[in-house]
Amino acid sequence: HAAQPSLHFPGTAAAIRAAIRPHHGALAAELDADPHAPALTPEEAAEEEALIARIEAGEGTPEVFVRCFSDKGTGWMKTATITAGIRIDDYLFEAANPVHFGPVRCRPTEKPHQTIKRHIWRVNRSRSMLVVEPDVSVVWYDDPRP
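Residue numbers (the numbering used here): 1 to 146.
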């Protein structure tokens, strides 16, 4: 079998930690350039900076969060939003823009995460689209909203 194309996001604990500050710097620059976007208050900016410093110091748990959806009408189509980040204080601090996968067709009786997992994850890393190191936890979540 030929190797599957991988989903592009940081997949190691070190890469996720290293991507936090640049990603949030880019988000801040986008917000600053948008005259209609709400600005962070000084308190919010200080809180975000403190969280980033804690993450860079090694706090938090690297995680890939896979939020899976089923279409509202028939349930035949499943999609996913995949986010790499650091889970800290019960919040996933993003390290990159989310990656979207799908829609894929399946049996409507199947849970969304079962369909998505079958399409993107394999034990054999060369055949998997979702490639993460063992030191990064992967959380599969079925979102009840369409």
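Using N, Cα and C, we set each Cβ at its ideal position, and we do this for glycine too.
Taking a 10 Å sphere around the C-beta of S70, we find 16 or more other C-beta atoms and assign the residue as buried. A buried status is given to R67, since no fewer than 16 other beta-carbon atoms sit within 10 Å of its beta-carbon. Checking the DSSP bridge columns, you'll see L51 has no partner listed.
The three-state reading of DSSP puts D34 in coil, since its state is none of H, G, I, E or B. Considering only E47, D135 and F93, the residue with the shortest C-alpha distance to A14 is D135. By the 16-neighbour rule on beta-carbons within 10 angstroms, R118 is exposed. Ranked by Cα distance from E94, the options H8, T83 and K72 are led by T83.
The Cβ-Cβ distance between F65 and A80 does not fall below 7 Å. As the crow flies, the alpha-carbon of A46 is around 24 Å from that of E63. DSSP places R67 inside the beta strand (DSSP E), whose first and last residues are T61 to S70.
The C-alpha of K78 lies about 20 Å from the C-alpha of V131. Excluding its 5 nearest sequence neighbours in each direction, V104 has C-beta neighbours in its own chain below 8 Å: M77, K78, T79, T115, I116 and H119, listed in chain order. T79: member of the beta strand (DSSP E) spanning M77 to I88, first to last residue. R107 and I16 have their C-alpha atoms spaced approximately 34 Å apart. In the same chain as D32, and ignoring 5 residues on each side of it, no C-beta atom comes closer than 6 Å to its own.
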